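K.L.:
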Amino acid sequence: MSTAIISDIHGNAVALKSVLQDIESRTEIERIVCLGDIIGYGPEPLECVDLVAEKCAWSLMGNHDFGVLYEPTNFNPGAESAAYWTRDQFDAEQDEEARARRYGFLGKLRVRVVEPAGEITSRALLAVHGSPRKPINEYIFPDDALNSPDKMKQVFDLIEGIAIVGHTHVPGIFTDEPDFYPPGEIGDGERYKFIEGEKAIINVGSVGQPRDLDPRASYAVLDNEGVSFHRAEYTIAETADKIREIPELNDWLADRLYEGR
Ligand code: ZN
Numbered sequence: 004m005s006t007a008i009i010s011d012i013h014g015n016a017v018a019l020k021s022v023l024q025d026i027e028s029r030t031e032i033e034r035i036v037c038l039g040d041i042i043g044y045g046p047e048p049l050e051c052v053d054l055v056a057e058k059c060a061w062s063l064m065g066n067h068d069f070g071v072l073y074e075p076t077n078f079n080p081g082a083e084s085a086a087y088w089t090r091d092q093f094d095a096e097q098d099e100e101a102r103a104r105r106y107g108f109l110g111k112l113r114v115r116v117v118e119p120a121g122e123i124t125s126r127a128l129l130a131v132h133g134s135p136r137k138p139i140n141e142y143i144f145p146d147d148a149l150n151s152p153d154k155m156k157q158v159f160d161l162i163e164g165i166a167i168v169g170h171t172h173v174p175g176i177f178t179d180e181p182d183f184y185p186p187g188e189i190g191d192g193e194r195y196k197f198i199e200g201e202k203a204i205i206n207v208g209s210v211g212q213p214r215d216l217d218p219r220a221s222y223a224v225l226d227n228e229g230v231s232f233h234r235a236e237y238t239i240a241e242t243a244d245k246i247r248e249i250p251e252l253n254d255w256l257a258d259r260l261y262e263g264r
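Residue numbering for the sequence shown follows my numbering, starting at 4 and increasing by one per position.
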């Protein structure tokens, strides 16, 4: 089965709709899953939650979803202000049923999803927002492959086959050597073919706030043999202008979209 994996939408509905359209054009894709951070930072959190609820087979809880729903912990002032503004948008919904439905959806987001080998894909699949050790909050940075061998060993020890993650907003694949390969370094068509017996961690990048200096929305497609990375263009100005109109959302959140960082 082919699974499209999206993550870190961050309230950017324009980017999300562009990615969903791109996914729909690939007829081999049978389901969409989401690795969390649906909201936080961006100007259209309600629309993003509604779209993910409608289109995705399941979604995980990211640190920003958690921060909006419960308490923003270890957030910088800009992220914290955005989290409180986002919460206000959910609270301001006049339609009681819609408000309860959205909070119900956020409250039921899962922290990890495990799919045994052969169930949906040929390899055992572990899905978390951040890392297998600390699913909601820990980052696995590209540099960790070089600089943090102990951390990488502990992380890989918790993985049976393939792990899919988001959180850093930097797409690529970690192998258990350990090593990290950005999509541009894995050869043909930005597609990575799994090697028998090898473990891998796939970071699918971010739909709504890419940070790998490519401002296009990022997602990945997983099948039995490997993973391919994809980018979708969207009208950045549409999202950026909305951010600038909202005083609680820092202008930097608009500027960074153009730069992809
Ligand atoms: Zn994020």
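Quick reminder that beta carbons are idealized off the backbone N, C-alpha and C, glycines included. Small disclaimer: the values here were computed from a predicted structure and weren't measured.
In this structure, how does DSSP classify R172 when only helix, strand and coil are distinguished?
P.N.:
For the purposes of this step, residue 172 is identified with residue 169 of the sequence shown, where counting begins at 1. Looking at the sequence itself, residue 172 is His, so the reference to Arg does not match. Coil, per DSSP.
K.L.:
Return the bridge partner residues of F78 from the DSSP annotation.
P.N.:
As a first step, residue 78 must be located in the sequence shown, where it is residue number 75. DSSP lists no partner for F78.
K.L.:
Out of curiosity, what's the CA-to-CA distance linking F232 and E193?
P.N.:
Your numbering for residue 232 matches position 229 in the sequence shown. Your numbering for residue 193 matches position 190 in the sequence shown. Taking the straight line joining both Cα atoms gives about 6 Å.
K.L.:
Just to confirm, are L49 and E83 a CB contact at a threshold of 9 Å?
P.N.:
To locate residue 49, count along the sequence shown from 1; it is residue 46. To locate residue 83, count along the sequence shown from 1; it is residue 80. Cβ atoms of L49 and E83: not closer than 9 Å.
K.L.:
Whole angstroms are fine: how far does the CA of N227 sit from the CA of E118?
P.N.:
Translated into positions along the sequence shown, residue 118 becomes position 115. Translated into positions along the sequence shown, residue 227 becomes position 224. In this structure, the CA atom of E118 is about 13 Å from the CA atom of N227.
K.L.:
Over the uninterrupted alpha helix (DSSP H) stretch that includes F108, give me the two end residues.
P.N.:
In the sequence shown, counting from the first residue as 1, residue 108 sits at position 105. Run containing F108: E99 to G110, per the alpha helix (DSSP H) assignment.
K.L.:
Could you have a look at R62 and say whether DSSP puts it in helix, strand or coil?
P.N.:
As a first step, residue 62 is located in the sequence shown; it is residue number 59 there, counting from the start. Reading off the sequence, residue 62 comes out as Ser, not Arg. In the three-state scheme derived from DSSP, where H, G and I count as helix and E and B as strand, S62 is classed as strand.
K.L.:
Give the DSSP bridge partners of C37, in chain order.
P.N.:
Residue 37 sits at position 34 when you count from the first residue of the sequence shown. Its beta-bridge partners are I9 and S62.
K.L.:
Quick check: the Cα distance between L109 and S10, rounded to an integer number of angstroms?
P.N.:
Position 106 of the sequence shown holds residue 109. Position 7 of the sequence shown holds residue 10. Approximately 15 Å between the Cα atoms of the pair.
K.L.:
At a threshold of 8 Å, does G43 count as lining the ligand ZN (C-beta to nearest heavy atom)?
P.N.:
For the purposes of this step, residue 43 is taken as the residue at position 40 of the sequence shown. Yes, since a heavy atom of the ligand ZN falls inside the 8 Å radius drawn around the Cβ of G43.
K.L.:
With respect to the beta strand (DSSP E) encompassing S231, which residues constitute its N-terminal and C-terminal limits?
P.N.:
Against the sequence shown, residue 231 aligns to sequence position 228. Per DSSP, S231 belongs to the beta strand (DSSP E) from G229 to A235.
K.L.:
Of the residues E180, Y44 and K111, which one's Cα is nearest the Cα of S209?
P.N.:
On the sequence shown, residue 209 is found 206 positions in, with the first residue counted as 1. Closest by alpha carbon: Y44.
K.L.:
Any idea if W255 is buried or exposed, counting beta-carbon neighbours within 10 angstroms, 16 or more meaning buried?
P.N.:
On the sequence shown, position 252 is the one that residue 255 refers to. Label assigned to W255: exposed.
K.L.:
Do P181 and D215 have their C-beta atoms within less than 9 Å of each other?
P.N.:
Here the question's residue 181 lines up with position 178 in the sequence shown. Here the question's residue 215 lines up with position 212 in the sequence shown. No; because the gap between Cβ atoms is not below 9 Å, this pair is not in contact.
K.L.:
So, helix, strand or coil for V131, using DSSP?
P.N.:
Within the sequence shown, residue 131 is the residue found at index 128, counting from 1. It is a strand residue.
K.L.:
Between T238 and the rest of its own chain, which residues show a CB-CB distance below 7 Å, the 5 nearest in sequence each way excluded?
P.N.:
The count along the sequence shown starts at 1 and reaches residue 238 at position 235. Here the set comprises V17.
K.L.:
May I ask which residues mark the beginning and end of the alpha helix (DSSP H) holding K196?
P.N.:
Walking along the sequence shown from the start, residue 196 turns up at place 193. Secondary structure note for K196: it is in no alpha helix (DSSP H), and the uninterrupted beta strand (DSSP E) holding it is R194 to K196.
K.L.:
Can you round the beta-carbon distance between I42 and V71 to whole angstroms, since I take them to be within the 8 Å contact cut?
P.N.:
Looking up residue 42 in the sequence shown gives position 39. Looking up residue 71 in the sequence shown gives position 68. With 8 Å as the limit, I42 and V71 qualify as a contact, their Cβ atoms being about 6 Å apart.
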